[in-house]
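Structure record follows, encoded as C-alpha cells.
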Amino acid sequence: MSETRADVAVIGGTGFYSFLEDPETVRVETPYGDPSAPVSIGTVAGRRVAFLPRHGTSHEYAPHTIPYRANQWALRSLGVRQVLAPCAVGGLRADVAPGDVVVPDQMVDRTYRRVPSYVEGGAVHLPFGDPYCDRLAGAVTGAADDVRHGGTMVIVEGPRFSTRAESRHYAEQGWSLINMTGHPEAALAREMLQCYTPIALVTDMDAGAESGEGVGQAEVFARFKANLERLTGLLAAAIEALPDPDGCSCSGWADDLELTYTVPGRESASESAS
Numbered sequence: 001m002s003e004t005r006a007d008v009a010v011i012g013g014t015g016f017y018s019f020l021e022d023p024e025t026v027r028v029e030t031p032y033g034d035p036s037a038p039v040s041i042g043t044v045a046g047r048r049v050a051f052l053p054r055h056g057t058s059h060e061y062a063p064h065t066i067p068y069r070a071n072q073w074a075l076r077s078l079g080v081r082q083v084l085a086p087c088a089v090g091g092l093r094a095d096v097a098p099g100d101v102v103v104p105d106q107m108v109d110r111t112y113r114r115v116p117s118y119v120e121g122g123a124v125h126l127p128f129g130d131p132y133c134d135r136l137a138g139a140v141t142g143a144a145d146d147v148r149h150g151g152t153m154v155i156v157e158g159p160r161f162s163t164r165a166e167s168r169h170y171a172e173q174g175w176s177l178i179n180m181t182g183h184p185e186a187a188l189a190r191e192m193l194q195c196y197t198p199i200a201l202v203t204d205m206d207a208g209a210e211s212g213e214g215v216g217q218a219e220v221f222a223r224f225k226a227n228l229e230r231l232t233g234l235l236a237a238a239i240e241a242l243p244d245p246d247g248c249s250c251s252g253w254a255d256d257l258e259l260t261y262t263v264p265g266r267e268s269a270s271e272s273a274s
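Taking UniProt numbering, I'd label the letters of the sequence shown as residues 1 to 274.
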C-alpha cells in the first residue's frame, strides 16, 4: 500500500473524470478488487485531496457495475475521512430545474443488484436515519450562493432511465431528485467512518416531469460538461471551508462497537478500550 495520504476525497460522477492539476497517481489494492480507477492525489486549498472517477477514466462502469466497496475502502486506506460526491441527477418536481445544484438531505434506495454493505456476518447495524453529513453539506452550501440544501434523492438501479409512470410515482412521494449511483456509496462511506455528502447537478427533468420523449443520455452528458468549471470552483471553495472531521457522528457511531469488517487505520473497540 502506498504511503501517500489524503484527508479529503472527491468522487467524480458522469462527465467528471479529472479534478486535480499535476496529481500523483496511486494504485490501491483492496479486499474487494480494484477500484474504478487509480486514485489521483494533489493539494487543494492547502489540503491533500484524493480524486476518484466513479465510472472509471473512460466511463467504463455502468451504475450497477461500479465497484463501490473497493472505491470507499481504497479511499479510506489512503486516510480519507471526508468525501464530496458530485453527481448528475434528474429533476422530478417543479421545485428544481436543469442547472440547479442541490445538496440533498435524504435518500430513498430503489436499487436491487448491488452489494450494499461491508458487513457479511455478525450484528453490525448502520445508523442511517440521516444519510449525509450535515457539517459537509453546510460547507458546500456556504461556498456559493446558488447551491440549495434539502430534498430527497431517490436512487434507481439503472442503467435505463425511468418510465413515465415510475417518474410520476416518485414525484408523488415528494421526492425531488433521481440518480443511479448514490447507493450504496453513501452507506459504504458511513461504514468506512467517513463524512459524505452528494453535490447533485440537475441535468434534466425526468420522464414524468414534463411532456415529450423524456430524458436522453446526450442531454445529461452535455449539461454536466457545460457545468464542469462551475462545479470545480465550488469544490475548491468547499474544500477550503471543510470542518475538522473529529467529533462528527459519521465516524463516532462505531466508537463502542466491535465491527465485523476492517476499516483501514481504525483500532477495534477492544483495542481502544485497553
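Yeah, the Cβ is synthetic: ideal placement off N, Cα and C, and Gly gets one too. Predicted, not measured: the structure shown is a model, and the values here were computed from it.
- A straight-line Cα-Cα distance of about 33 Å links F128 and E219.
- Contact between V49 and V8 holds, since their C-beta atoms are separated by about 5 Å, short of 8 Å.
- Three or more Cβ pairs closer than 8 Å define a contact, and the segment 161–175 falls short of that threshold against the segment 189–201.
- Contact between F224 and T14 holds, with the beta-carbon distance rounding to 6 Å and staying under 8 Å.
- L92 sits in coil when the DSSP states are folded into three classes, being neither helix nor strand.
- Assigned with DSSP and collapsed to three states, D246 falls in coil, not helix or strand.
- In the DSSP annotation of this structure, N227 is not part of any alpha helix (DSSP H), being labelled neither H nor E.
- The Cβ-Cβ distance between I155 and M107 falls below 9 Å.
- When secondary structure is reduced to three states using DSSP, E24 falls in the strand class.
- If you compare the alpha carbons of T30, R54, V28, E24 with that of S36, the shortest gap goes to R54.
- Distance check between T203 and each of C250, A6, P264, V102 places V102 closest, using alpha-carbon atoms only.
- Assignment of beta strand (DSSP E) within the segment 61–137, counting only whole runs of 3 or more residues, yields 82–91, 101–103, 106–110 in chain order.
- Annotated three-state conformation of H59 is coil, per DSSP.
- Exclusion of the five residues before and after Y118 leaves E191, Y261 as the residues of its chain whose Cβ lies within less than 6 Å of its Cβ.
- Between S18 and V96, the C-beta gap is not smaller than 9 Å, which leaves the two residues out of contact.
- When the alpha-carbon of C133 is set against those of P86, S249, V10, L257, the nearest one is in S249.
- Counting only residues of its own chain and dropping the five nearest sequence neighbours on each side, E185 has a CB closer than 6 Å to the CB of Y68.
- Each residue's CA atom was taken as its position, placing A254 and Q82 some 16 Å apart.
- Only residues of its own chain outside the window of five on either side were considered, and among them I155, H183 have a CB closer than 6 Å to the CB of D109, listed in chain order.
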